[in-house]
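Residue numbers (the numbering used here): 175 to 322.
Each residue gets a CB set at the ideal place from its N, CA and C atoms; glycine is no exception.
Keep in mind it's a predicted model, so treat the numbers as computed, not measured.
Reviewing the structure listed below.
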Amino acid sequence: MGNRYIVKQQAVTPTAGNDILTVITAASRRARIVEVAVAGRGTSSAMQQIEVGRSTSGTTSGGNQTPGKFDHTDQPAAVHTYATTWSVQPTLDAHSEVIGWNALGGANRWIPPKGSGFEARNAEQLSIRASSGVTFQPMSISVVVEED
Numbered sequence: 175m176g177n178r179y180i181v182k183q184q185a186v187t188p189t190a191g192n193d194i195l196t197v198i199t200a201a202s203r204r205a206r207i208v209e210v211a212v213a214g215r216g217t218s219s220a221m222q223q224i225e226v227g228r229s230t231s232g233t234t235s236g237g238n239q240t241p242g243k244f245d246h247t248d249q250p251a252a253v254h255t256y257a258t259t260w261s262v263q264p265t266l267d268a269h270s271e272v273i274g275w276n277a278l279g280g281a282n283r284w285i286p287p288k289g290s291g292f293e294a295r296n297a298e299q300l301s302i303r304a305s306s307g308v309t310f311q312p313m314s315i316s317v318v319v320e321e322d
């Protein structure tokens, strides 16, 4: 088991078809998503949905966040990064996990089967994307990633 790191965004309103967060691995390292927690912060009851999966390319990432240490404070700093904006969005794989919740305070916590998670390595990336066809309201999200 590697070291675990966490990142969050609060009261963000996703844009359908765009990544909310993209995990970008470093060369010769791997990372896997082990938990995604979402919570609605909207003003009316409405279905919300995001997708978690592997992605490729994308042009000019930005809004990078430094992950926080999850398990203990003496673990090394994370090598992977999180992008929150792109000038051209990454291409999400054709098949991905879907996470749904209610905008009016509903929540969902996704933990991959048997704790395995999507894994990326050697500068590959994993996207957490706002699904198309949804009118989004504000939400909060936290993501735990294991790196080794």
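- Between the beta-carbon of F292 and that of P188 there is about 19 Å, and that puts the pair past the 8 Å contact cut.
- Taking C-alpha positions only, A220 is separated from S314 by approximately 15 Å.
- Distances from the CA of W284 to each of A268, S301, V212 and N238 were compared; the closest alpha carbon is that of V212.
- Separation of H254 and V318 (C-alpha to C-alpha, rounded to the nearest whole angstrom) is 12 Å.
- Around A297, the same chain offers I198, T199, A200 and A201 as residues with beta carbons nearer than 8 Å, after the five sequence neighbours per side are excluded.
- In this structure, R204 places its C-beta atom within 8 Å of the C-beta atom of R295.
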